[in-house]
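Participant: First residue of the sequence shown: 5, per this note's numbering; consecutive thereafter.
Quick reminder that beta carbons are idealized off the backbone N, C-alpha and C, glycines included.
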Amino acid sequence: MKIIDLRSDTVTRPSIGMRKAMYEAEVGDDVFGDDPTVQTLEAQVAELFGKEASLFVPSGTMGNQISLKVLSNPGEELLLDENSHIFNYEVGAPAALSGLLAHPLNGERGHLTARQIEAHIRGSDLHLPLTRVVALENTHNRAGGTVASLEEFKRVKQLAVTRQLKLHLDGARLWNASAATGIPLADWAAPFDTVMSCLSKGLGCPIGSMVVGGKEIIAKARKVRKLFGGGMRQVGILAAAGLYALEHNFSRLVEDHANARQLAAGLANLRGVRVDLDSVQTNIVVFDLQSSGKPIPEVVVRLKEDGVWVVPFGPTRIRAVCHLDVSREDVDIALGVFQRHFEPVRVPAASFSGTPEPEKPPPYAARRVRADLPELINSFADGRLENEYYLSLRTGQIRLLNDQSGEKEREEIYLSENDYVLLPKKRSRDGYQDLLDFIEVLGDGSLREKLAVAVQGQGAFRRFKDVLLAYPEDRRKWFTFSNERDENRIREWLEENQIALELP
Ligand SMILES: Cc1ncc(COP(=O)(O)O)c(C=O)c1O
């Protein structure tokens, strides 16, 4: 039986090419500063992240903790998201190793805003700890691989400058954030004093993470690495894997993201499985089984018996991660296994009719269908569907909301990548052509008023801006918004950038 290991992107095994690079690595004693391969890796990574220096460390946890120690003094306060890796999964290390008082805040999909941080900076009263460090995470693991907002990072930076805060980024999967958005690593890293990034996750290395920062900070970090027992000797053997990964495995991360979307779309089509498709922005899929009534530990065991390995992610949730060792075919096989345990809600695309399935209504008043684009357009055209349409620019998902009955009856249409690529990876005008064409079709004639664009979340907001700018001016009025908050954000942005858009 083929095993499809979706537990984490840390489970990858070094490829033949990577092993060969490791075998051939030139090495020396790195504690004496003699290892040329480590030096090459550190120089390359520093440049990629736009910082003066970098340091090779054994693990992400050690990289985070070295950074925090360098940036703080015992008794000071660390602000971070309550679901962050540093707060939850690093064994209380900020307290144990740096004497930091961790103060968890409630981020949106794992991401804190500058305003939120500002509200928690302590005053100068004698009794209070000094708020010193803010640690952010991008992508956010526990939130399901969600990507942060670069604009918000910049606001946090401004705040840090005025309020003398130090900033650390847990960028274990910053590679994925960069691949998903096209924003260079250096731009993501710019606001931060230190950034930790893992080679041992999506990049497929067996061991190793990097800390990047200014020269002085990295010199201190080198000393703290020794203090924590992380000085390594002929470690060029591992650095060679890192160099190989930068060359071969960084640019392919978009495949993992496409696979994750495919997996999520398939899971969303199963009875009793809930997936927040808007949160599937990179390689992680978190899904909820509460409405299935099935206990998570049992589901995990049953799936494992059928060759699909996943991890429990809280009392009702499971996490599945796509990575280098999971192909598109593996995702299809895994979905087949999931279907043995959770039956599909709706017929496949070919027989899509736009009418509800009569038998076996789902437990809540919603049904999900998959359809291919031409089918969908026909359904619009001959008036079979007369509802409101929501395009999620983040997932390529179209939601069809039918609240007219007042009974919150909901119909959702998910277009998977196989059906139609609404969200191409390239950020050029051409890259968005499919989406623009589609809007053209929907925006034509009587459907014009019904097209709404959901720009929830920063990633979707950014994409919306690109799509909007690529769209002919006289048609921009076809965009409307699914909620007031989205609309206000877009209006503000339009004003700031002096872009004319006639909103209804
Ligand atoms: C967001 C995040 N930060 C840090 C780490 C720690 O990395 P390591 O397992 O190499 O210590 C992980 C590991 O999964 C992670 O997901």
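DSSP state of Tyr13, grouped into three classes?
Facilitator: Per the sequence shown, residue 13 should be read as Asp rather than Tyr. Reduced to three states, the DSSP call for Asp13 is coil.
Participant: Distance check for Leu83 and Ile381, CA to CA, integer angstroms please.
Facilitator: Residue placement at Ile381 cannot be trusted, given a pLDDT of 47 that sits under 50; what the coordinates show is reported in the next sentence. Computed Cα separation, rounded: 48 Å.
Participant: Between the Cα of Gln343 and the Cα atoms of Glu333, Val35, Arg265 and Leu307, which residue gives the shortest distance?
Facilitator: Checked all of Glu333, Val35, Arg265 and Leu307; the closest Cα to Gln343 is Leu307.
Participant: Is it the case that the Cβ atoms of Pro98 and Leu134 are separated by a distance below 7 Å?
Facilitator: No; because the gap between Cβ atoms is not below 7 Å, this pair is not in contact.
Participant: Please return the same chain residues whose Cβ sits closer than 6 Å to the Cβ of Lys140, not counting the five positions on each side in sequence.
Facilitator: For the sequence presented, residue 140 should be read as Leu rather than Lys. Excluding positions up to five away in sequence, the list reads Leu173.
Participant: Among Gly103, Thr198, Gly54 and Glu309, whose alpha-carbon lies nearest the alpha-carbon of Gly64?
Facilitator: Per the Cα distances, Thr198.
Participant: Express the C-alpha separation of Val49 and Ser153 in angstroms, rounding to a whole number.
Facilitator: Taking the straight line from one Cα to the other gives about 22 Å.
Participant: When you get a sec, list the residues whose CB is within less than 5 Å of any heavy atom of ligand 1, chain order please.
Facilitator: Going along the chain, the residues that qualify are Ser63, Gly64, Thr65, His89, Asn145, Asp174 and Ala176.
Participant: Please return the same chain residues whose Cβ sits closer than 7 Å to the Cβ of His107, not counting the five positions on each side in sequence.
Facilitator: These residues qualify, in order along the chain: Glu81, Leu82, Leu83 and His124.
Participant: Which residue comes first and which comes last in the alpha helix (DSSP H) that contains Leu342?
Facilitator: Looking at the sequence itself, residue 342 is Phe, so the reference to Leu does not match. That run of the alpha helix (DSSP H) goes Arg332 to His345.
Participant: Could you check what DSSP says for Leu152 in three-state terms: helix, strand or coil?
Facilitator: Correcting the residue identity first, residue 152 is Ala in this sequence and not Leu. Ala152 falls in the coil class under three-state DSSP.
Participant: In whole angstroms, give me the CA-to-CA distance for Leu10 and Ala176.
Facilitator: Spanning the two alpha carbons is a distance of roughly 18 Å.
Participant: State the Cα-Cα distance for the pair Glu156 and Thr117, rounded to the nearest angstrom.
Facilitator: About 6 Å.
Participant: Three-state secondary structure (DSSP) at Lys205?
Facilitator: Of the three classes helix, strand and coil, the one that applies to Lys205 here is coil, per DSSP.
Participant: Measuring CB to CB, does Ala29 end up less than 7 Å from Ile241?
Facilitator: Yes, Cβ-Cβ distance for Ala29 and Ile241 is below 7 Å.
Participant: With a cut-off of 8 Å on the beta carbons, I'd call Gly103 and Gly67 a contact; round off their distance for me.
Facilitator: With 8 Å as the limit, Gly103 and Gly67 do not qualify as a contact, their Cβ atoms being about 19 Å apart.
Participant: Taking only three categories from DSSP, how would you classify Ser357?
Facilitator: With a pLDDT of 35 at Ser357, under the threshold of 50, the modelled position of this residue cannot be trusted, and the question is left open.
Participant: Over the uninterrupted beta strand (DSSP E) stretch that includes Val284, give me the two end residues.
Facilitator: Here Val284 belongs to no beta strand (DSSP E), and DSSP marks it neither H nor E.
Participant: So what does Thr135 bridge to, in DSSP terms?
Facilitator: Its beta-bridge partners are Glu81.
Participant: Provide the residue span of the beta strand (DSSP E) that contains Ser58, from first to last.
Facilitator: Where Ser58 is concerned, the enclosing beta strand (DSSP E) stretches over Ala57 to Val61.
Participant: Please state whether the Cβ-Cβ distance between Ala243 and Val35 is less than 7 Å.
Facilitator: Against a cut-off of 7 Å, the Cβ pair of Val35 and Ala243 comes out as no contact.
Participant: Which word fits Arg113, buried or exposed, when buried means at least 16 other C-beta atoms lie within 10 angstroms of its C-beta?
Facilitator: That one is buried.
Participant: Should Ala249 be labelled buried (16 or more other beta-carbon atoms within 10 Å of its own) or exposed?
Facilitator: When all chains shown are included, Ala249 counts as buried.
Participant: Going by the beta-carbon positions, is the gap between Ala225 and Leu59 smaller than 7 Å?
Facilitator: Closer than 7 Å, so yes.
Participant: So what does Ile288 bridge to, in DSSP terms?
Facilitator: Beta-bridge pairing links Ile288 to Val325.
Participant: Can you tell me the Cα-Cα spacing of Arg136 and Ile222, whole angstroms?
Facilitator: One C-alpha to the other measures close to 19 Å.
Participant: So if DSSP puts Trp313 in a beta bridge, which residue, or which two residues, is it bridged to?
Facilitator: The partner list for Trp313 (beta bridge, DSSP) reads Asp9.
Participant: Kindly list the residues whose CB is nearer than 7 Å to the CB of Lys55, restricted to its own chain and excluding five residues on each side of it in sequence; keep chain order.
Facilitator: Taken in chain order, the residues that qualify are Ala193, Val216, Gly217 and Gly218.
Participant: Assign Asp282 to buried or exposed, taking buried as 16 or more other Cβ atoms, counted over all protein chains shown, within 10 Å of its Cβ.
Facilitator: Looking at its Cβ environment, which holds 16 or more other Cβ atoms inside 10 Å, Asp282 is buried.
Participant: Provide the residue(s) that pair with Val216 in DSSP beta bridges, ordered along the chain.
Facilitator: Its beta-bridge partners are Ser58 and Val199.
Participant: Less than 8 Å between the CB atoms is what I'm expecting for Met26 and Ala245, so what's the real figure, rounded?
Facilitator: Confirmed, about 5 Å.
Participant: Just to confirm, is the Cβ distance from Ser182 to Leu171 under 7 Å?
Facilitator: No, Cβ-Cβ distance for Ser182 and Leu171 is not below 7 Å.
Participant: Could you tell me how far apart the beta carbons of Asn180 and Thr143 are, in whole angstroms, since I believe they sit closer than 8 Å?
Facilitator: Indeed, because the Cβ distance is near 5 Å, the residues count as touching under 8 Å.
Participant: Please work out which residues of its chain come closer than 7 Å, Cβ to Cβ, to His252, disregarding the five sequence neighbours upstream and downstream, and give them in chain order.
Facilitator: Excluding residues within five positions, the ones whose Cβ falls inside 7 Å are Gly21.
Participant: Go to Ala272, then tell me how far its alpha helix (DSSP H) extends in each direction, as first and last residue.
Facilitator: Ala272 -> alpha helix (DSSP H) spans Leu257 to Ala272.
Participant: Pro40 bridges to which residues according to DSSP?
Facilitator: Paired residues: none, contrary to the question.
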